[in-house]
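Trainee: Residue numbers (this note's numbering), protein chains in the order written: chain A, 155 to 239; chain B, 155 to 239.
No residue lacks a Cβ here, since even glycine has one placed at the ideal position from N, Cα and C.
Here's a structure for you.
Protein chains: 2
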Amino acid sequence: MRTASENIRTILAENLRSLRRSQNLSQDDLAVKCGLHRTYIGSVERCERNVTLSTLEMLAAALGVSASELISKRETPGKENQQSN
Amino acid sequence: MRTASENIRTILAENLRSLRRSQNLSQDDLAVKCGLHRTYIGSVERCERNVTLSTLEMLAAALGVSASELISKRETPGKENQQSN
C-alpha cells in the first residue's frame, strides 16, 4: 500500500544535481556550504537518502532556493522526463 | 550556524492542520489514512517533528496534495483557506 519515496527522492536528486552544477559547485563545495559531508551529498544525489526537513532546508539555503522547490518536479524541456501532465 | 528548521516545521504544521480540517478529518482519521500513529500527526502539528521525505509524502498523499505543497507557505488571506472545489 505505502510506496517508498523513490519518486520524491529522484526529484530531489535531480534538482540537487542540476542546481549544484548550474552554480558550478562540486559536491564538496556544496557540502562545505551546507555543513554536511561530501559523501552525504553524493548519497542524496544517488537517491539513497530519506532526508529530513532540516537537511532539505540546509540544502535549499545553500543553493538559494526554497525547500519546496527542491522537491518540486522541474520542467526540463530538454530530455528524459517529459511527463505530459 | 545551522538553523533548526523551525520555520519549515511551522509551515508544515499549519498546512497539515488546515488541510486536515478542511477535509473534516480528525488527527485519528488522518493517521489511519497515512498509516501513521495518531500521536505522530499531533506531534507534527505541534512542530515537534523533523519529518522525512517519505513521511511527508504519505501525509501529502493522504491529503491529496503534493509533498512540495505541504511545505510551501500558503497565501491565506482570511484564515482557513477557502478551497473551492
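Would you call the stretch 188-198 of chain B and the stretch 177-189 of chain A in contact, with 3 or more CB pairs under 8 Å?
Mentor: no
Trainee: Considering only the alpha carbon of each residue, which of R174/B, V219/B, K227/B lies closest to E199/B?
Mentor: Stepping through the second sequence from its first residue, residue 199/B is reached at position 45. Nearest C-alpha to E199/B: R174/B.
Trainee: Give the interface partners of N204/A over in chain B, defined as CB-CB distance under 9 Å, in chain order.
Mentor: As a first step, residue 204/A is located in the first sequence; it is residue number 50 there, counting from the start. Ordered by position in chain B, the residues that pass the 9 Å Cβ test against N204/A are T206, L207, S208, T209.
Trainee: Examine chain A for any beta-carbon lying closer than 9 Å to the beta-carbon of E223/B, and answer yes or no.
Mentor: Here residue 223/B refers to the residue found at position 69 of the second sequence. Put simply, the CB of E223/B is near chain A, with a gap under 9 Å to one of its CB atoms.
Trainee: S197/A lies in the alpha helix (DSSP H); which residues open and close that run?
Mentor: Position 43 of the first sequence, counting from 1, holds the residue named residue 197/A. Unbroken alpha helix (DSSP H) run through S197/A: 192-199.
Trainee: Under 9 Å, Cβ to Cβ, is there at least one residue of chain B near S197/A?
Mentor: Against the first sequence, residue 197/A aligns to sequence position 43. It does not; no Cβ of chain B falls within 9 Å.
Trainee: Are any of the Cβ atoms in chain B nearer than 9 Å to that of R163/A?
Mentor: Along the first sequence, one-based indexing puts residue 163/A at 9. R163/A counts as touching chain B.
Trainee: Under 8 Å Cβ to Cβ from E211/A, same chain only, skipping five residues before and after it: list those, please.
Mentor: Here residue 211/A refers to the residue found at position 57 when the first sequence is read from its first residue. Only A221 meet the Cβ criterion.
Trainee: Only counting runs of 4 or more residues, tell me where the alpha helix (DSSP H) segments fall wholly within the stretch 198-232 of chain A, in order along the chain.
Mentor: 207-217, 221-224
Trainee: Return the CA-CA distance between N169/B and L207/A, expressed in angstroms with no decimal places.
Mentor: The residue given as residue 169/B occupies position 15 in the second sequence. The residue given as residue 207/A occupies position 53 in the first sequence. Roughly 15 Å between the two C-alpha positions.
Trainee: Between S172/A and chain B, is there a C-beta pair that is closer than 9 Å?
Mentor: Taking the first residue of the first sequence as 1, we reach residue 172/A at position 18. Not closer than 9 Å to any Cβ of chain B, the Cβ of S172/A fails to qualify, so no.
Trainee: Report yes or no: is there a C-beta of chain B within less than 9 Å of the C-beta of L166/A?
Mentor: To locate residue 166/A, count along the first sequence from 1; it is residue 12. True, the Cβ-Cβ gap to chain B drops below 9 Å.
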